[in-house]
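A.B. asks: Its first residue numbered 159, the sequence shown is counted upward by one per residue in our numbering. For each residue, glycine too, the CB sits at the ideal point set by N, CA and C. My questions will all concern the structure given below.
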Amino acid sequence: MAYVTIGAAGLAVAMAALLRRKTGTPVDRRVREFAVRRSGPRVRTVARVLTPPAFPLVYMPASVLAARALLRRGNPAGRSVPIAAAIVFVSYHVLKRASKRRRPPTKVRNSNYREAFPSGHTASATAVALASAMAMHRNQPRASLATLVLIGAGVPIAIGASRIALDEHWLTDVLGGMAAGTAAATGASLVADYVL
């Protein structure tokens, strides 16, 4: 678990350094062109619905509720979920300040949208969903693999895709958010196991 934490954190930091003050890479631009062409009104509506759960005022309380539900079922690994939410909140803000990467052209002038890397929505969704899935798996072996994959991978992928469909982020911002979220979730698991 420590190796995953270090590897994911290292990947997020390396990406932040490589993408510092840059706009989209050639792959980012191709993915953006494809997404803009294919994202009709229905796709954008679904993407907008997926946006609020990844706001801190939603995911922070949700992480506490998930932890309480897991702890009530006798699952001490549930403590890692709000820890992951707190770690990811700090980490994606630090990475955004360090990278100062520009958003796709349609979002550059919005004052609320300065730094693009990493996607905070994707990072928080990854951290909370993955920490929840890992906690469920550790103490509830009866949880189906499909449920764990849907929670741990499906939620972050859906949130990340929504950020691209809404032209809020480049693909590499989303991938960096997934790396930061993975580091937060696995790091929180280590903290819950060895510190608390």
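Give the DSSP-derived three-state secondary structure of H327 in the structure shown.
C.D. replies: coil
A.B. asks: What does the alpha-carbon distance come out to for the pair V246 and V216?
C.D. replies: 14 Å
A.B. asks: Under 6 Å Cβ to Cβ from L223, same chain only, skipping five residues before and after it: list those, please.
C.D. replies: none
A.B. asks: Just the Cα atoms here: how many angstroms apart are P184 and P263?
C.D. replies: 14 Å
A.B. asks: Buried or exposed for G236, going by 16 or more other Cβ atoms inside 10 Å?
C.D. replies: By the neighbour-count rule (16 or more Cβ atoms within 10 Å), G236 is buried.
A.B. asks: Taking the alpha-carbon positions, what's the T344 to P210 distance?
C.D. replies: 24 Å
A.B. asks: State the CB to CB distance for the pair T356 and M218, rounded to an integer number of angstroms; the pair is presumed to be in contact (CB under 8 Å).
C.D. replies: This structure does not reach residue 356, given that the chain is present from 159 up to 354, and the question cannot be answered.
A.B. asks: For V171, is the classification buried or exposed, using 16 other Cβ atoms within 10 angstroms of its Cβ as the cut-off for buried?
C.D. replies: Result: buried.
A.B. asks: Tell me, please, whether the stretch 297-315 touches the stretch 173-193 by the rule of three or more beta-carbon pairs shorter than 8 Å.
C.D. replies: For the pair of segments examined, the stretch 297-315 was found not to touch the stretch 173-193: the number of CB pairs separated by less than 8 Å stays below three.
A.B. asks: Sort R300, V286 and L177 by Cα distance to I317 and report the nearest one.
C.D. replies: V286
A.B. asks: Please classify T163 as buried or exposed, where buried requires at least 16 neighbouring CB atoms within 10 angstroms.
C.D. replies: buried
A.B. asks: Between L253 and A319, what straight-line distance do the alpha-carbon atoms span, to the nearest angstrom?
C.D. replies: 20 Å
A.B. asks: Can you give me the start and stop residues for the alpha helix (DSSP H) that K254 sits inside?
C.D. replies: S238 to S257
A.B. asks: Contact check, G339 vs F275 under 8 Å by CB: the rounded distance?
C.D. replies: That belief does not hold up - the Cβ atoms of G339 and F275 are roughly 13 Å apart, past 8 Å.
A.B. asks: Would you kindly work out how many angstroms separate the C-alpha atoms of V201 and A212, rounded to a whole number?
C.D. replies: Answer to the nearest angstrom: the Cα atoms are 18 Å apart.
A.B. asks: Which of helix, strand or coil does DSSP assign to F192?
C.D. replies: helix
A.B. asks: State buried or exposed for M159, treating a residue as buried only when at least 16 other CB atoms are found within 10 Å of its CB.
C.D. replies: exposed
A.B. asks: Just to confirm, is the Cβ distance from H295 to R321 under 7 Å?
C.D. replies: no
A.B. asks: Just confirm the distance between the C-beta atoms of R196 and L324, as a whole number of angstroms; I'd bet it's less than 8 Å.
C.D. replies: In this structure R196 does not touch L324 by the C-beta definition: roughly 13 Å separates them, more than the 8 Å allowed.
A.B. asks: Just tell me which of Y352, H251 and L288 has its CA closest to the CA of S221.
C.D. replies: The shortest Cα separation from S221 among Y352, H251 and L288 belongs to L288.
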